[in-house]
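S.K.: I'd like to ask you about the structure that follows.
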């Protein structure tokens, strides 16, 4: 089995190991190395050091729990006002600052925007030019004089030219004009030139329409209402609907943005000719004036191309409603709303609404930048300048700025975007570019960036983003991605778990970049970009490598002695465990929910590999030193190795949180094999410290029972020590069950030897303390000592369960077959069995001290019973003994646990039985009352110690010496004849057990003639008689007689002839005896066959004897008692040679000196025994 284990260990040591990522110099062990070469045994540490040793080991075992609690506290940490660490970025990310000349041109653009403001401002906008100029002065750091120069230049420049973009989206709930219940609506819209206030009042009384009758148009025609044909637009006709959807867009040039009016009619088309086409042809004519002429031209154009009936008045288009919108009422950002349709007069009936989108913008700007740069670029520069100024003036948590600017800034940016006709998508892209670029130099809230990305995604139209804008958006996505990847690489410094604000920012950043990779815009402008999760994985790996390298650079585990190197590696591994714990609890959730990246797997696999490389190199040096014969492991080095093992075990434990495919073939899979040799020596250190601790526990033990217990402090200390060692093994969780057999065997042996050592020290302590103590205090202390041993014994009885012996047996059976399983079972159970025997031996040693203390008193009380006259009744004779035992029993019950109480009572019972046996042996041949009194004493003791089932069991008590004593008392109370009869009963019983003896055998035939009451005995022959003569032969003859003699007083013994010089004599002689039924009915009535060796010069020698009960031959119904008895088969009786003096009955009869029958019987037996002794 050992060979198999050694082979298994050698194979495991050959597991392929990868080289360390760092090529380090491996210095040999120095003179100060803990692995010193010393042949002397390990010096014993003082008790205080042993206590501190276990405290340190316990602290190591609690490391994982402490780590989990700390991680849980980090996860539960609430909002924190402490700002997160600075987000370091590469200098290449920082954009170049704008020059002063460009700032001046940009300032001109901003002033031009303020001067040419149009539209109705919202409540968020600033209306005062002065306030806006004051704000711009601060933003651009501009002086008053410079401002005045630029303002004058702007005022002298050409005013901005405006256009109106109109989007006719749809209408709803229009009036039905056709017979089918529907209409065929279309829109005509245009710009009415500016009106003075009086004319505006008149317009409130009448409604304008493009399709009025000619006579009314001619009456109301005025130059103010002159409408150029190019300003009229018509939508398509939507047939048979009351809820038309047009979604058509028009642009109108505006002459007077402050006074012009947008007018829109909705008509039900009744002709077959396209009104829109006619309107287009009409718009080719220039210089037309008057709405009447306009309508006439339209009608003429349509009828010229229409049907013959198109000129009838019945086929004229029906009016469905109109809308009038003064341009000076349009908000700065435009309209995007539903307008209610109005009638031409109070008599008209219209219904429904029309959805319009209106926006004013400039089509010509007289600034330097507008003439050389695109509007997108100008707006981006303006926004960047404002963002930088706004952010620097954020006082509270600038890192958490949500991008909100002041009202003046918002006013300027809004007017500029409107005036330069930037679409919502363009504005969203510009805002994203500016804020994301600014973020690389000054942190902003990541929720702002996420919001900007969502705005782009909501407004995205791939056809609207082309050329430079597409390239700039792609660059912004790329730069921001690289910035985020850089932060991910340095996440441990930038987004530490100790900062709740940093973790919040990190989560938002991940959500933002995760959202970005799924945007339509990102996929469009960055089609060749790698999968983002691959870039993230690379960044995380690189960050983990750099962080680990920084740990190595900080602690330098390659420097110092071997012990110093291991201690530094412990620190490194612990930091890695904390980092992986944080990855599991915090970072992994963020990464997986935001970007679907398994952060824990990536980080763990990278760090685990690097840790395994470094620890493997260090442990190879340790094992190489330990394998030298004279090397020993110092305690501090052992503690360091143990702590390193536990740290690696904690690190390895995180693999259970990895996906199954990632948890296979990791670098730390077989790391326990690196520690095999050192763990063996470490267990020896633990054993030595345990012995020191046990010794100290015994020395300081006052042998006083603990609260609610019957054992003392040392028993608690010993089991606590065992528990700690057991916990050490459990926490180590040796993964190789078959390989763990050696360690479990070692631990079991340590536990057992420590328990035996403890019991021996406890016994010696009690022996020393007995001097000068009274019986009670000594008894109490001795009981506590017994309880201490039992407490330890019970604790170690759980070792098979605590050390999982069955698991080891199964593992060994799988690896080495049934032989391996059997060896485990025998080895471990053998250790436990021997320990139990040793503890019982020490317990008996203590109990014997107690009984030795009781011996004089017990002897005195037994003597009192022995010498009590017959006149004293039994209760009075026994009461002193019982009173003493009762007092002792009270102490024992109070002080002993149940198991020990049974042991002590059993010892007392055995002692009392021996003492009574001695008293009876010393008083043989006395009156029967003497034996009756001791019989009463034994029965009283029996019931006392049984205690109605609470004490010893009757079955156990009535065994061993009890049976001997009971038989002794019973026989002593018998008469001499009864004893003789009992003697023959025992001989008959013994004869039946004989199968083969070295004294030979005799063949006889006996049969009974009932009518004649005659027993015939035929002695046939004998065989293998022992040689009693010098020639190696004998001269045998057989004496046959009926026994006992007092039952057959008239029967005489008879004998055969002597057969000379033979060991196989043939006699063939008949003998007759008179036997009545009254005789053979007794069980003890028998025939005895005594084989003698004839000696003519001296007394005959005893060769052997055999007995046969008469009931076998004479009882009615037996074959031998029938007329055919002569034909029965002979009986072979084996001879025996037992010394009569060995039998108690012989001693009892011999003691009865005045009894003639007893003395005669003893004399005859003594002659036989004397003959045997002379041989």
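Residue numbers (this note's numbering): 359 to 1533. Idealized CB from N, CA, C, for every residue including glycine.
Terminal residues of the continuous alpha helix (DSSP H) containing residue 729?
M.R.: Run containing residue 729: 726-730, per the alpha helix (DSSP H) assignment.
S.K.: Would you kindly report the start and end of the unbroken beta strand (DSSP E) that includes residue 967?
M.R.: That residue, residue 967, is in no beta strand (DSSP E); its alpha helix (DSSP H) goes 957-984.
S.K.: Given a threshold of 16 other Cβ atoms within 10 Å of its Cβ, counted over all protein chains shown, does residue 1321 qualify as buried or as exposed?
M.R.: Exposed.
S.K.: Between the Cα of residue 835 and the Cα atoms of 817, 808, 1228, 851, which residue gives the shortest distance?
M.R.: Looking at the Cα atoms, 808 is the closest of the given residues.
S.K.: Note down, in chain order, each residue of its chain lying with its Cβ closer than 7 Å to the Cβ of residue 1133, except the 5 sequence neighbours on either side.
M.R.: Counting only Cβ-Cβ distances below 7 Å, and skipping sequence neighbours, we find 1211.
S.K.: Mind reading off the beta-carbon distance from residue 1265 to residue 1138? Whole number of angstroms is fine, and I expect it under 8 Å.
M.R.: 17 Å between Cβ atoms; not a contact.
S.K.: What is the DSSP secondary structure of residue 617, counted as helix, strand or coil?
M.R.: Correct three-state label for residue 617: coil.
S.K.: Quick check: the segment 866-876 against the segment 942-957, are there 3 or more CB pairs under 8 Å?
M.R.: Touching, yes.
S.K.: Looking at C-beta atoms only, is the number of pairs between the segment 989-1003 and the segment 954-969 that lie closer than 8 Å three or more?
M.R.: No: the two stretches stay apart, fewer than three of their Cβ pairs being nearer than 8 Å.
S.K.: Can you tell me whether residue 601 is buried or exposed? The criterion is at least 16 other CB atoms within 10 Å of its CB, across all chains shown.
M.R.: When all chains shown are included, residue 601 counts as exposed.
S.K.: Return the CA-CA distance between residue 788 and residue 738, expressed in angstroms with no decimal places.
M.R.: When rounded, the distance between both Cα atoms is 6 Å.
S.K.: Buried or exposed for residue 1258, please, with buried defined as at least 16 other CB atoms from any protein chain shown within 10 angstroms of its CB.
M.R.: Result: buried.
S.K.: Compute the distance between the beta-carbons of residue 323 and residue 523, then report whether it is under 8 Å.
M.R.: The structure shown has nothing for residue 323, since the chain only spans 359 to 1533.
S.K.: Would the beta-carbon of residue 500 fall within 8 Å of that of residue 470?
M.R.: The answer is no: Cβ separation not under 8 Å.
S.K.: Could you spell out where the alpha helix (DSSP H) holding residue 1141 opens and where it closes?
M.R.: Here the alpha helix (DSSP H) through residue 1141 covers 1133-1154.
S.K.: Between residue 609 and residue 521, how many whole angstroms is the CB-CB distance? I'm expecting something under 8 Å.
M.R.: So it is a contact: roughly 5 Å between Cβ atoms.
S.K.: Could you check the C-alpha separation between residue 1377 and residue 1315 for me, to the nearest Å?
M.R.: Using only the alpha carbons, I get a separation of about 48 Å.
S.K.: Apply the 10 Å Cβ neighbour rule to residue 1165 and answer buried if 16 or more other Cβ atoms are within range, or exposed otherwise.
M.R.: Residue 1165 is exposed by the Cβ-count criterion.
S.K.: Counting contacts by CB-CB distance shorter than 8 Å, is residue 997 in contact with chain D?
M.R.: In summary, chain D is missing from the structure at hand, where a single protein chain is found.
S.K.: Compare the beta carbon distance of residue 1049 and residue 1112 with 8 Å and say whether it is the shorter of the two.
M.R.: Yes.
S.K.: DSSP beta-bridge partners for residue 1364?
M.R.: The partner list for residue 1364 (beta bridge, DSSP) reads 1375.
S.K.: Within a Cβ cutoff of 6 Å, which residues of the same chain sit near residue 1514, ignoring the five residues on either side of it in sequence?
M.R.: The answer is none, since no qualifying residue turns up.
S.K.: To the nearest whole angstrom, what separates the beta carbons of residue 535 and residue 676, a pair I think is in contact under 8 Å?
M.R.: Contact holds; Cβ gap of about 4 Å.
S.K.: So, at 6 Å on beta carbons, what are the nonlocal neighbours of residue 926 in its own chain, with the 5 sequence-adjacent residues on each side left out?
M.R.: Taken in chain order, the residues that qualify are 913, 915.
S.K.: Grouping DSSP H, G and I as helix and E and B as strand, with all else coil, what is residue 699?
M.R.: Residue state, collapsed to three classes: coil.
S.K.: Cα separation between residue 1345 and residue 1247?
M.R.: Each residue's alpha carbon lies about 43 Å from the other.
S.K.: Looking at the structure shown, is residue 1464 part of a helix, part of a strand, or coil, going by DSSP?
M.R.: If DSSP states are grouped into helix, strand and coil, residue 1464 belongs with the strands.
S.K.: Using DSSP with H/G/I as helix, E/B as strand and the rest coil, what is residue 1383?
M.R.: It is coil, neither helix nor strand.
S.K.: Evaluate the contact criterion for the segment 486-505 versus the segment 776-796: three or more CB pairs, one atom per stretch, below 8 Å.
M.R.: No, because fewer than three Cβ pairs between the segment 486-505 and the segment 776-796 fall closer than 8 Å, the two stretches do not touch.
S.K.: How about the segment 1056-1073 and the segment 1023-1037: do they share at least three Cβ pairs that are nearer than 8 Å?
M.R.: The answer is no - the segment 1023-1037 does not touch the segment 1056-1073, with fewer than three Cβ pairs under 8 Å.
S.K.: In the DSSP assignment, find the unbroken beta strand (DSSP E) run with residue 523 in it and report its ends.
M.R.: Taken as a continuous stretch (DSSP letters only), the beta strand (DSSP E) holding residue 523 covers 519-530.
S.K.: Is it right to say residue 1523 is buried, meaning 16 or more other beta carbons lie within 10 angstroms of its own, or is it exposed?
M.R.: Residue 1523 is buried by the Cβ-count criterion.
S.K.: Apart from the five residues just before and just after residue 1083, which ones in its own chain have a Cβ nearer than 8 Å to its Cβ?
M.R.: 1044, 1048, 1105, 1108, 1109.
S.K.: Closest to residue 1404 by C-alpha separation, out of 860, 1368, 1334, would be which residue?
M.R.: Checking every option, the nearest Cα to that of residue 1404 belongs to 1334.
S.K.: From residue 477 to residue 847, what distance separates their C-alpha atoms?
M.R.: Going from the Cα of residue 477 to the Cα of residue 847 covers about 49 Å.
S.K.: Helix, strand or coil: which one does DSSP assign to residue 1499?
M.R.: Correct three-state label for residue 1499: helix.
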